[in-house]
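*Asks:* Each residue of the sequence shown is one higher than the last, beginning at 237 in the working numbering.
Where is the CB? At the ideal position from N, CA and C, for every residue including glycine.
Computed from a predicted structure; not experimentally measured.
What follows is a single structure, and I will ask about it in a moment.
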Amino acid sequence: MHAIMLKAKLHRAEVTHAVLDYEGSCAIDGDWLDLSGIREYEQIQIYNVDNGERFTTYAIRAENGSRMISVNGAAAHKAKVGDRVIICAYAHYSEAELANFKPRMLYMAPGNELSHTSNAIPVQVA
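So, in structure tokens, the structure goes:
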């Protein structure tokens, strides 16, 4: 049996560029790709916190240390500069892999400063 699980997440990153006339994708600071485990050309889901848009694209590498999140191509209609987004990658895991499974999550502060990382989401309380 296999399960599709959250592999990696960049939580509340700020869109720095929205480039309509560019080959589709989302450019992400290369340091964040490495830290999160998201691979270049990997499918990602983007959830726009500011306007509720949810869309699928793929990751490409932006310059290391640039703090760049560039939503490109047709997806540029779904996010504008300054919007806060959640970027997620999912993967298939076997039951054996799930025994030690931990997602990689990066939490962003204003200005796309990396606030902290985690591998667990706190239990939501009522």
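Measuring only the C-alpha atoms, how far is E276 from E349?
*Replies:* As a first step, residue 276 must be located in the sequence shown, where it is residue number 40. As a first step, residue 349 must be located in the sequence shown, where it is residue number 113. In a straight line, the C-alpha of E276 is about 21 Å away from that of E349.
*Asks:* Alpha helix (DSSP H) containing S272: first to last residue?
*Replies:* Within the sequence shown, numbered from 1, the residue matching residue 272 stands at position 36. From DSSP, the alpha helix (DSSP H) with S272 extends over 266 to 272.
*Asks:* Among all the DSSP beta bridges, which residues are the ones paired with N308?
*Replies:* Against the sequence shown, residue 308 aligns to sequence position 72. BP columns for N308 point to V255, S261.
*Asks:* Could you please give the first and the last residue of the uninterrupted alpha helix (DSSP H) stretch that includes A332?
*Replies:* On the sequence shown, residue 332 is found 96 positions in, with the first residue counted as 1. Start and end: 331 to 334.
*Asks:* Under the rule that 16 or more other beta-carbon atoms within 10 Å means buried, what is N336, buried or exposed?
*Replies:* For this step, residue 336 is matched to residue 100 along the sequence shown. Exposed: under 16 other Cβ atoms inside 10 Å.
*Asks:* By alpha-carbon positions, which one of E333, I323, L334 ends up nearest to W268?
*Replies:* Looking up residue 268 in the sequence shown gives position 32. The shortest Cα separation from W268 among E333, I323, L334 belongs to I323.
*Asks:* Can you look up N284 in the DSSP assignment and give me helix, strand or coil?
*Replies:* Counting from 1 along the sequence shown, the entry for residue 284 is found at position 48. In the three-state scheme derived from DSSP, where H, G and I count as helix and E and B as strand, N284 is classed as strand.
*Asks:* Whole angstroms are fine: how far does the CA of L242 sit from the CA of K330?
*Replies:* In the sequence shown, the residue the question calls residue 330 occupies position 94. In the sequence shown, the residue the question calls residue 242 occupies position 6. Checking the sequence, you will find Ser at residue 330 rather than Lys. Roughly 13 Å separates the two Cα atoms.
*Asks:* Expressed to the nearest angstrom, what Euclidean distance is found between the alpha-carbon atoms of D257 and A263?
*Replies:* Mapped onto the sequence shown, residue 257 falls at position 21. Mapped onto the sequence shown, residue 263 falls at position 27. Approximately 14 Å between the Cα atoms of the pair.
*Asks:* So does the region 307 to 323 actually touch the region 237 to 254, counting three or more Cβ pairs closer than 8 Å?
*Replies:* yes
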